[in-house]
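Notes for the one structure printed next.
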Amino acid sequence: GQLAQRDAPLVDVALVQVPALFAARYDGSGGQKELHLSRWSGFVAWLAGEHPDVATVRAVTLDHAACFLKSLSVAMRDKTRNEYAAACRVVLRLALRGLGGGANPFDGLRVRYQKDHSRRALTATELGQVVGRATGELRLLLLLGCYTGLRLGDAVTLDWDSVDLCARVIRLRPSKTAHS
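Mapped onto this note's numbering, the consecutive letters of the sequence shown carry residue numbers 11 to 190.
See below:
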């Protein structure tokens, strides 16, 4: 069903005026301001394509905001979707500050939480099983990583100039930090 619309803003500002009003009131970093405005522009572009009759802030509903974010959910993670919602909320709040603005349609949206898909370290048993099942050069690379702590990419690109067998030392600048 349709989401209930909160109180409409008391002012009727054209959507194209919102970026200038926001920019005049925003006192944060320039990069953050540009990011907020970019996300707001994404919403306005979506609105123009899906609801071309909506041209003012007063005409934007909670349903519009929710449908926009739902359209993002197809291609973006929940964290990014939440960042879009927060940016649009901030842009409208600041743009309407001092103009007698009412409810912000982005205020009524729920934050979505995603499961953490971060990597975890293998247990000693799991690592032993992986190395035990590997054969040939892969087994050698895995053992090299286990005993030296080298990342797989560094183990693969290791050359004999970096290895001192007499001193039992490998001298290598890890590729992960090579450009920093």
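Built from N, CA and C at the ideal position, the CB exists for glycine as well.
- With a beta-carbon spacing of about 5 Å, Leu151 and Ala165 fall inside the 8 Å limit used to define contacts.
- DSSP places Asp22 in the coil class of the three-state scheme, outside both helix and strand.
- By the criterion of at least three beta-carbon pairs nearer than 8 Å, the region 115 to 122 is in contact with the region 67 to 82.
- Going by DSSP, Tyr157 is part of the alpha helix (DSSP H) stretching over Gly146 to Thr158.
- According to the DSSP secondary-structure assignment, Asp174 is paired through a beta bridge with Val179.
- If you draw a 10 Å sphere on the C-beta of Tyr157, you find fewer than 16 other C-beta atoms in it, and that means exposed.
- When DSSP states are grouped into helix, strand and coil, Thr66 belongs to the strand group.
- Assignment of Arg143 by DSSP, reduced to helix, strand and coil, places it in the helix class.
- Counting only residues of its own chain and dropping the five nearest sequence neighbours on each side, Tyr36 has a CB closer than 7 Å to the CB of Lys43 and Leu104.
- For the region 27 to 59, the continuous alpha helix (DSSP H) assignments of 4+ residues that do not extend past its boundaries occur at 28 to 35, in sequence order.
- Counting along the chain, Asn114 sits inside no alpha helix (DSSP H), nor does DSSP assign it H or E at all.
- Rounded to the nearest angstrom, the Cβ distance from Ala97 to Trp50 is 6 Å, consistent with a contact under 8 Å.
- Within the same chain, Cβ atoms closer than 7 Å to the Cβ of Arg107 are found at Arg35, the five residues on either side in sequence being excluded.
- Secondary structure of Asp169 (DSSP, three-state): coil.
- By the neighbour-count definition (other C-beta atoms within 10 Å, threshold 16), Arg178 is an exposed residue.
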